[in-house]
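Beneath this line is the structure, given in structure tokens, with notes to follow.
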Amino acid sequence: MSGDTEVAARVEEMLAAAGLPNAGMPRREVHRTTLEIIERHFGLTLPHRQILEGTLPAVVLEITEPANPST
221 MSGDTEVAAR
231 VEEMLAAAGL
241 PNAGMPRREV
251 HRTTLEIIER
261 HFGLTLPHRQ
271 ILEGTLPAVV
281 LEITEPANPS
291 T
């Protein structure tokens, strides 16, 4: 890992406590466990229920051509 050495060391400790790296663990489980650790460390969350059942706020951007492009 690179970046902030204190943060990297703490995340590496958390990964090791979860048994990672582990070549015998299914890739999907490694990915899920890693994301859970990162979410927990940085306090990140996604609105799980809203993602599965609802709609999320979105922004639609549209570029329109000027009425008279020569001016």
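When you line the sequence shown up against this note's numbering, it's residues 221 to 291, in that order. By construction, the Cβ of each residue, glycine as well, lies at the ideal position given by its N, Cα and C atoms. No experiment lies behind these values; they were computed from the predicted model shown.
> For residue 265, which of helix, strand or coil comes out of DSSP?
Replying inline: Three-state DSSP puts residue 265 in coil, outside helix and strand.
>> Tell me the DSSP secondary structure of residue 255 in three-state form.
In response: In this structure, DSSP gives residue 255 a helical state, which the three-state scheme calls helix.
> In whole angstroms, what separates the C-alpha of residue 270 from that of residue 288?
Replying inline: Distance between the alpha carbons of residue 270 and residue 288 is about 44 Å.
>> My output table needs one value for residue 240: the three-state DSSP class, helix, strand or coil.
In response: Coil at residue 240, not helix or strand.
> How many angstroms separate the CA atom of residue 258 from the CA atom of residue 267?
Replying inline: Those two C-alpha atoms are separated by around 16 Å.
> What whole-angstrom Cβ distance do residue 230 and residue 261 have, given they're in contact under 8 Å?
Replying inline: With 8 Å as the limit, residue 230 and residue 261 qualify as a contact, their Cβ atoms being about 7 Å apart.
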